[in-house]
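A.B. asks:
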Amino acid sequence: MWGKGSKLEIHLQPLKRSALVRVPNDYIRGKILEKKLWYVETSMFYASQWGDDSTASYPEITSIPLWAHLHGVPFDLRTKEGLSHAAALVGEPIETDDYTKNVSSLNVAHVKVEANLLKPLPSSGELVRESGEIIPVDIEYPWTPPSCSHCYRIENLSRIMRKICPGWSYTSNHASDSSGRVILIWNNPVSVQVLHQSGYTITCEVSLPPATKFIHTAVYAPNT
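Taking this note's numbering, I'd label the letters of the sequence shown as residues -11 to 212.
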């Protein structure tokens, strides 16, 4: 995804759990450094400019740019100032998109914000007019990074599971759905073999010593 139009030069450093990547294209390199956090399935990568003082570790991530979809923002508040107030329900306003600028929907506004990851992202909020009128706003997120449910810090799945269930085994359906809606955990002496997975299910064979085996399907039922 980074090598479009040019060949990348990659030097892996397994012991440091890092890689040195040379990106010849100035524009793509700038975008990589601007975004900083990248995901490939459940793995998170932190990109930074290489230098003599570069380290293999990345700083603690306490905020991240996110798109939020705001439902219920009145038409007369679809101004730069009005949307800034609405976006502040989630975080520090950054920008909006052409979909919102062109008022493609009377019900939904898209805003990009710098969201605080040290607290849960709100699913709703309220706007208050000068007259005292309260306007409820529902908030949805097209994508959010994996985070710890205890401290809300951004993490990858393996780090979260090691923190919450140290020593336990786990599997998820991230290979079929980037959201990873289904996560199974188990501990010795139980063993689990995944037979099939989809965006909403995991089917596995569960073995309970000394001889009990059964087929189990975990299903995520979307709220529609």
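Note that beta-carbon positions come from the ideal geometry of N, C-alpha and C, so glycine has one too. Just so we're clear, the structure is a prediction, and the values are computed from it rather than from any experiment.
If you compare alpha carbons, which of S112, W174, R169 is closest to D126?
C.D. replies: If you number the sequence shown from 1, residue 126 lands on position 138. Ranking S112, W174, R169 by Cα distance to D126 puts S112 first.
A.B. asks: For E102 and E80, which I take to be in contact (beta-carbon distance under 8 Å), what is that distance rounded to the nearest angstrom?
C.D. replies: If you number the sequence shown from 1, residue 102 lands on position 114. If you number the sequence shown from 1, residue 80 lands on position 92. Contact holds; Cβ gap of about 4 Å.
A.B. asks: What three-state label does DSSP hand D86 in the structure shown?
C.D. replies: As a position in the sequence shown, residue 86 is number 98, starting the count at 1. Helix.
A.B. asks: Would you kindly report the start and end of the unbroken beta strand (DSSP E) that includes I49?
C.D. replies: By one-based count along the sequence shown, residue 49 stands at place 61. Premise fails: I49 is in no beta strand (DSSP E) and is neither H nor E.
A.B. asks: Using the rule of at least 16 other Cβ atoms within 10 Å of the residue's Cβ for burial, across every protein chain shown, is T205 buried or exposed?
C.D. replies: Walking along the sequence shown from the start, residue 205 turns up at place 217. That one is exposed.
A.B. asks: Quick one: any contact between the stretch 53 to 60 and the stretch 69 to 87, if contact means 3 or more CB pairs under 8 Å?
C.D. replies: With the cut-off at 8 Å, the stretch 53 to 60 and the stretch 69 to 87 touch.
A.B. asks: So, with DSSP's three-state summary, where would you put S72?
C.D. replies: What you label residue 72 is simply residue 84 of the sequence shown in a count that begins at 1. Of the three classes helix, strand and coil, the one that applies to S72 here is helix, per DSSP.
A.B. asks: At which residues does the alpha helix (DSSP H) containing Y15 begin and terminate?
C.D. replies: For the purposes of this step, residue 15 is taken as residue 27 along the sequence shown, with counting starting at 1. 14 to 23 is the span of the alpha helix (DSSP H), which, as asked, contains Y15.
A.B. asks: Rounded to the nearest angstrom, what separates V178 and I203 at their Cα positions?
C.D. replies: If you number the sequence shown from 1, residue 178 lands on position 190. If you number the sequence shown from 1, residue 203 lands on position 215. Computed Cα separation, rounded: 13 Å.
A.B. asks: On the DSSP bridge list, what partners appear for D126?
C.D. replies: Here residue 126 refers to the residue found at position 138 when the sequence shown is read from its first residue. H59, S112, per the DSSP bridge assignment.
A.B. asks: Once the 5 residues before and after G60 are set aside, which same chain residues still bring their CB inside 8 Å of it?
C.D. replies: Taking the sequence shown and counting its residues from 1, the one referred to as residue 60 is at position 72. Closer than 8 Å at Cβ, skipping near neighbours: N95, I123, P124, V125, D126.
A.B. asks: Check for me: the beta strand (DSSP E) holding H162 runs from which residue to which?
C.D. replies: The residue given as residue 162 occupies position 174 in the sequence shown. Per DSSP, H162 belongs to no beta strand (DSSP E) and is neither H nor E.
A.B. asks: Give the straight-line distance between the Cα atoms of G155 and I171, rounded to the nearest whole angstrom.
C.D. replies: Locating residue 155 in the sequence shown gives position 167, counting from the first residue. Locating residue 171 in the sequence shown gives position 183, counting from the first residue. Spanning the two alpha carbons is a distance of roughly 16 Å.
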